[in-house]
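Enquirer:
2 protein chains.
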Amino acid sequence: MNTDTRETIMAAAKPMVQAHGYSGLSFREIAKTVGVKSASIHYHFPAKGDLGAALARRYTDDAAAAFEAIAARTADPAKRLHAYTDGFRLALENGNRMCLCGILAAEHDDLPDAVKAEVVRFGDVNVAWVAKVLSEAGVKDAEARALAIFAAIGGAQLAARSRGDITVYDGIVESYRAAGLIPA
Amino acid sequence: MNTDTRETIMAAAKPMVQAHGYSGLSFREIAKTVGVKSASIHYHFPAKGDLGAALARRYTDDAAAAFEAIAARTADPAKRLHAYTDGFRLALENGNRMCLCGILAAEHDDLPDAVKAEVVRFGDVNVAWVAKVLSEAGVKDAEARALAIFAAIGGAQLAARSRGDITVYDGIVESYRAAGLIPA
DNA sequence: ACCTGAACACCGTTCAAGT
DNA sequence: ACCTGAACACCGTTCAAGT
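Same order as they appear, the protein sequences are chains A and B.
205 is the number that our numbering gives the last residue of the first sequence; the numbers go up by one with no jumps.
205 is the number that our numbering gives the last residue of the second sequence; the numbers go up by one with no jumps.
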């Protein structure tokens, strides 16, 4: 039951993208970790964009599954949103990394179209879920507010990462709640 | 009165970083634009980090000057903050680019220390100015709120850039005001 | 079916050499 | 003082060749 090489490649590449971005993702580095030659990666992912798109697609699917799990665990909107913001905290906990699609968003101009499309889909999935939570809580303009919360969380992650200090993330998110952006 | 080569290099490099980031900044591309060979860039900026730090330093200084100009133009906190969020809108207007220090923040792990330090200073200058505006407006926890606003604006820029749609930025910022994050 | 070595045009960097 | 050509080790990609 040896592990699928394709899976091993994706597992090695994911944290690399979260730390160094798409442009910083190196086939030769992945190859070293996986134990193959860099040319072999191209057998599983013809071009770098194919790997990037596969990573972003799975990241979004995993997020969607996590959202469902949160919704199943609690019906309280405030608690659901706490679990939501905690989810983005995880990346920072894991070696000051970023949300995979967050760092990809910054690299927009250098992304193949397939990767760009997955980044947009990640946003759509996030906004749709947050909007549902908000509207169930009776928040007006739930869709617009959800997009604002999604964007704000990405910004909090960016600010915390630039200082290499996860407490910066916590403080910013707390301010979002105190100011009324995120229902508390 | 021929233009200083060092200045020409910085002028060429700035929009490149705002579009492609630090890692996407190419000495050979700069050289083509400036009309010299890539090796010549190293005469003015020994390493890429020296150029990156110089760009971030000037970007911060320019921002500080712009903040002073805003404060001199109007005393109304809401108007000052409108001018502030408009400032970040400019980068998006200019070819869907990002705040130079915003895109650098995403690349934190691959930045030389001198560049990292300038990115942090940009944040400090922003937060200090916004905090002053907020405290004059009687907002409590002005420092924390200023950091939250700064982060949120960065996130709005990131979200808008990922969709290549400046109206996304406008909508998010409007939501920030509607929710009470930014005094309106 | 899966992997590799070698080549290609890119990259930042270095340095001896030019003017 | 300022610039350059050539070399170095990197990069993604391609492809003929292996098993």
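Glycine included, C-beta positions come from ideal geometry on N, C-alpha and C.
As the structure is a prediction and not an experimental result, all values here were calculated from the model.
Buried or exposed: which applies to A34 (chain A), given that a residue is buried once 16 or more other Cβ atoms fall within 10 Å of its Cβ?
Expert: To locate residue 34 (chain A), count along the first sequence from 1; it is residue 13. A34 (chain A) comes out buried.
Enquirer: Output, in chain order, the set of chain B residues within a Cβ distance shorter than 8 angstroms of Y197 (chain A).
Expert: Here residue 197 (chain A) corresponds to residue number 176 of the first sequence, with the count starting at 1. Ordered by position in chain B, the residues that pass the 8 angstroms Cβ test against Y197 (chain A) are A169, A173 and L202.
Enquirer: Considering only the beta carbon of each residue, do Q178 (chain A) and F88 (chain A) sit closer than 8 angstroms?
Expert: For this step, residue 178 (chain A) is matched to residue 157 along the first sequence. For this step, residue 88 (chain A) is matched to residue 67 along the first sequence. No, they are not a contact pair.
Enquirer: Take N117 (chain B) as the anchor and find which of B:I187, B:R27 and B:D82 has the nearest alpha-carbon.
Expert: Translated into the one-based positions of the second sequence, residue 117 (chain B) becomes position 96. Checking every option, the nearest Cα to that of N117 (chain B) belongs to B:I187.
Enquirer: Using the Cα positions of A172 (chain A) and A32 (chain B), report the straight-line distance between them to the nearest angstrom.
Expert: By 1-based counting over the first sequence, the position of residue 172 (chain A) is 151. By 1-based counting over the second sequence, the position of residue 32 (chain B) is 11. Whole-angstrom Cα-Cα distance: 30 angstroms.
Enquirer: Three-state secondary structure (DSSP) at T24 (chain B)?
Expert: As a first step, residue 24 (chain B) must be located in the second sequence, where it is residue number 3. T24 (chain B): coil per DSSP, three-state reduction.
Enquirer: How would you label R166 (chain A), buried or exposed, when you count the other beta carbons within 10 angstroms and need 16 or more for buried?
Expert: The residue labelled residue 166 (chain A) in the question sits at position 145 within the first sequence. Per the 10 Å Cβ criterion, buried.
Enquirer: Buried or exposed: which applies to R49 (chain B), given that a residue is buried once 16 or more other Cβ atoms fall within 10 Å of its Cβ?
Expert: Here residue 49 (chain B) corresponds to residue number 28 of the second sequence, with the count starting at 1. So R49 (chain B) ends up on the exposed side.
Enquirer: Using a threshold of 8 angstroms, state whether the C-beta atoms of E164 (chain A) and P98 (chain A) are closer than that.
Expert: As a first step, residue 164 (chain A) is located in the first sequence; it is residue number 143 there, counting from the start. As a first step, residue 98 (chain A) is located in the first sequence; it is residue number 77 there, counting from the start. Going by C-beta atoms, E164 (chain A) is not nearer than 8 angstroms to P98 (chain A).
Enquirer: DSSP state of A205 (chain B), grouped into three classes?
Expert: Taking the first residue of the second sequence as 1, we reach residue 205 (chain B) at position 184. Of the three classes helix, strand and coil, the one that applies to A205 (chain B) here is coil, per DSSP.
Enquirer: Chain A beta carbons: is any one of them nearer than 8 angstroms to that of L121 (chain B)?
Expert: The residue you call residue 121 (chain B) lines up with position 100 of the second sequence. Output row for L121 (chain B): interface = no.
Enquirer: Using a cut-off of 7 angstroms between C-beta atoms, extract the partners of I193 (chain A) located in chain B.
Expert: Translated into the one-based positions of the first sequence, residue 193 (chain A) becomes position 172. Residues of chain B passing the Cβ test: L168, A169 and A172.
Enquirer: By the 10 Å Cβ neighbour count, where 16 or more other Cβ atoms means buried, how is N147 (chain A) classified, buried or exposed?
Expert: The count along the first sequence starts at 1 and reaches residue 147 (chain A) at position 126. Within a 10 Å sphere around the beta-carbon of N147 (chain A) sit 16 or more other beta-carbons, which makes this residue buried.
Enquirer: Taking C-beta pairs closer than 8 angstroms, name the residues in chain A that G144 (chain B) reaches, listed in chain order.
Expert: By one-based count along the second sequence, residue 144 (chain B) stands at place 123. Within chain A, the residues near G144 (chain B) are A180, S183 and R184.
Enquirer: Would the beta-carbon of L179 (chain A) be found less than 7 angstroms away from any heavy atom of the ligand ATP?
Expert: This structure simply doesn't include the ligand ATP, nor any ligand for that matter.
Enquirer: Let me know if Y64 (chain B) comes out buried or exposed under the rule of 16 or more other beta-carbons within 10 Å of its beta-carbon.
Expert: Residue numbering aside, residue 64 (chain B) sits at position 43 when the second sequence is read from its first letter. Counting other Cβ atoms within 10 Å of its Cβ, Y64 (chain B) stays below 16 and is therefore classed as exposed.
Enquirer: Which residues, in order along the segment 128–159 of chain A, keep a beta-carbon less than 7 angstroms from a beta-carbon of chain B?
Expert: E128, H129, D130, D131, V140, V141 and G144
Enquirer: From A:S44, A:A92, A:S47 and A:A75, pick the residue whose C-alpha is nearest to that of A152 (chain A); which is it?
Expert: On the first sequence, residue 152 (chain A) is found 131 positions in, with the first residue counted as 1. Answer by Cα proximity: A:A92.
Enquirer: Using the three-state DSSP reduction, which class does A96 (chain B) fall into: helix, strand or coil?
Expert: By 1-based counting over the second sequence, the position of residue 96 (chain B) is 75. If DSSP states are grouped into helix, strand and coil, A96 (chain B) belongs with coil.
Enquirer: Please state whether the Cβ-Cβ distance between V55 (chain B) and T95 (chain B) is less than 8 angstroms.
Expert: Counting from 1 along the second sequence, the entry for residue 55 (chain B) is found at position 34. Counting from 1 along the second sequence, the entry for residue 95 (chain B) is found at position 74. In this structure, T95 (chain B) does not lie closer than 8 angstroms to V55 (chain B) by Cβ.
Enquirer: Can at least three beta-carbon pairs, one atom from the segment 130–149 of chain A and one from the segment 74–81 of chain A, be found at a separation below 8 angstroms?
Expert: yes
Enquirer: Using a Cβ cut-off of 9 angstroms, pull out every chain B residue sitting near G45 (chain A), in sequence order please.
Expert: The residue you call residue 45 (chain A) lines up with position 24 of the first sequence. Residues of chain B passing the Cβ test: S44, E128, D130 and D131.
Enquirer: Could you pull the start and end residues of the alpha helix (DSSP H) that D134 (chain A) belongs to?
Expert: Within the first sequence, numbered from 1, the residue matching residue 134 (chain A) stands at position 113. Its alpha helix (DSSP H) spans residues D134 to E157.
Enquirer: Are any of the Cβ atoms in chain B nearer than 8 angstroms to that of A40 (chain A)?
Expert: On the first sequence, residue 40 (chain A) is found 19 positions in, with the first residue counted as 1. So yes, A40 (chain A) belongs to the interface.
Enquirer: Between S44 (chain B) and G73 (chain A), is the Cβ-Cβ spacing less than 8 angstroms?
Expert: Taking the second sequence and counting its residues from 1, one reaches residue 44 (chain B) at position 23. Taking the first sequence and counting its residues from 1, one reaches residue 73 (chain A) at position 52. No; because the gap between Cβ atoms is not below 8 angstroms, this pair is not in contact.
Enquirer: Just verifying my parser: in three-state terms, what is the DSSP assignment at R118 (chain A)?
Expert: If you number the first sequence from 1, residue 118 (chain A) lands on position 97. Three-state result, R118 (chain A): coil.
Enquirer: Judging by CA-CA distance, which residue of B:V38, B:L102, B:Q39 and B:A40 is the nearest neighbour of P204 (chain B)?
Expert: Reading the second sequence from its first residue, position 183 is the one you call residue 204 (chain B). Nearest option by C-alpha distance: B:L102.
Enquirer: How many angstroms separate the CA atom of A169 (chain A) from the CA atom of A104 (chain A)?
Expert: Mapped onto the first sequence, residue 169 (chain A) falls at position 148. Mapped onto the first sequence, residue 104 (chain A) falls at position 83. Distance between the alpha carbons of A169 (chain A) and A104 (chain A): 17 angstroms.
Enquirer: F109 (chain B) by DSSP, collapsed to three states: which one?
Expert: For this step, residue 109 (chain B) is matched to residue 88 along the second sequence. If DSSP states are grouped into helix, strand and coil, F109 (chain B) belongs with the helices.
Enquirer: Terminal residues of the continuous alpha helix (DSSP H) containing L179 (chain B)?
Expert: Against the second sequence, residue 179 (chain B) aligns to sequence position 158. A163 to R184 is the extent of the alpha helix (DSSP H) around L179 (chain B).
Enquirer: For the segment 57–90 of chain A, which residues have a CB atom closer than 9 angstroms to at least one CB atom of chain B, in sequence order?
Expert: none
Enquirer: Counting only C-beta atoms, is A99 (chain A) closer than 8 angstroms to chain B at any point?
Expert: Within the first sequence, residue 99 (chain A) is the residue found at index 78, counting from 1. It does not: the Cβ of A99 (chain A) has no partner Cβ on chain B nearer than 8 angstroms.
Enquirer: What beta strand (DSSP E) runs, 3 residues minimum, are completely inside the segment 29–67 of chain B?
Expert: none
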